[in-house]
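Heads up, the sequence shown is in the UniProt record's numbering, so the first residue is 1 and it goes up one at a time.
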Amino acid sequence: MNNEIAIKVDNLNKKFKDHVIFENFSLSIPKDKITTIFGTSGSGKSTLLNIIGLLEKYDSGKIKIFGKETPKMNSRKAMKIRRSTISYLFQNFGLIESGTIYDNLAIALEYVKPEDKILEMEKSLSEVGLHKPLNIKVYNLSGGEKQRLAIAMIILKPSDIILADEPTGSLDHENRDYIMSKLVELNKKGKTIVIVSHDLKFKEISDKCVEIKN
């Protein structure tokens, strides 16, 4: 049985003006598992995910990823972690809306030879069932298609951790079930997945569930 810890949060403190979001908050995320963090709107679950993902600052405490304390958010080391260790899946998709499918997928293939990029892109799009030309603008895609494109980017990126913020929040039931099944597939390939959601359906696929209360 794998008892390794991928992410460890110790005594996290975060305050916005006079509002305390976290006070001495601690959490362990197991490696190669799916962990879902539940909570009502405003409970701080998205803030927590952003802090873990080195996208938002915090006041004090320690966060370790694979046993190493995380660097400051704006440092080169943090940028390297965001590029090579962590992938993100957002409710608003996190895509370049004015760009093409090619433009977005190319971000995940930064270090791939130009002659190999098209093949890798087409393979990832086929894997997620998105059969669209690479020159299509992202703003022409439906919500479900945009989330499939976001999943295709994760497939292409050689990261160990996926942070998913309400990944099905704006999707219908069919697309929700599809995204959940893809997250399970990615987890089986060795990805550590952390989801924040208010959708209790995620309990069905999670190895660990955490509830954050106001």
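Using N, Cα and C, we set each Cβ at its ideal position, and we do this for glycine too. Fair warning: this is a prediction, and the values are worked out from it, not measured in the lab.
Item: Under the three-state DSSP convention, the category P30 falls into; Value: strand
Item: Anticipated Cβ contact below 8 Å, Y58 with N13, distance rounded; Value: 7 Å
Item: Other residues of its chain near S170: CB distance less than 7 Å, five sequence neighbours each side excluded; Value: Q91 and G143
Item: Beta-carbon proximity list for S84, same chain, < 8 Å, skipping 5 on both sides; Value: P158 and S159
Item: Own chain, CB closer than 6 Å to K8, minus 5 neighbours either side, in chain order; Value: S28 and K64
Item: Closest by C-alpha distance to E23, when choosing among I205, S60 and D32; Value: S60
Item: For H19, the three-state DSSP class (helix, strand or coil); Value: strand
Item: Pair within 8 Å by beta-carbon distance, K146 and L89; Value: no
Item: For L141, the three-state DSSP class (helix, strand or coil); Value: coil
Item: Limits of the beta strand (DSSP E) - the one that I179 falls within; Value: It is not in any beta strand (DSSP E) - I179 instead sits in the alpha helix (DSSP H) that spans H173 to K188.
Item: 4 or more residues per run - each alpha helix (DSSP H) lying fully within the region 58-128; Value: 76-84, 101-108 and 114-127
Item: Same chain, Cβ closer than 6 Å to residue 217, five either side skipped, listed in chain order; Value: In the structure displayed, the chain extends from 1 to 214; residue 217 sits before or after that span and is not available.
Item: The region 65-81 contacting the region 109-117, beta-carbon criterion three pairs below 8 Å; Value: no
Item: When K72, V184 and G44 are compared against L55, the one with the closest alpha-carbon; Value: K72
Item: Assigned secondary structure, I161 (DSSP; H/G/I helix, E/B strand, else coil); Value: strand
Item: The region 160-169 contacting the region 120-139, beta-carbon criterion three pairs below 8 Å; Value: no
Item: Through-space distance from A106 to V112, alpha-carbon basis; Value: 9 Å
Item: Own chain, CB closer than 6 Å to K191, minus 5 neighbours either side, in chain order; Value: I162
Item: Endpoints, the alpha helix (DSSP H) within which I51 is located; Value: K45 to I52
Item: Contacting residues, own chain, Cβ-Cβ under 7 Å from D103 (five flanking each side not counted); Value: I96
Item: Those residues which DSSP pairs with E211 across a bridge; Value: F38
Item: 6 Å CB neighbourhood of M1 in its chain, flanking five on each side removed; Value: With a pLDDT of 44 at M1, under the threshold of 50, the predicted position of this residue should be treated as unreliable, though the coordinate-derived value follows. There are no such residues.
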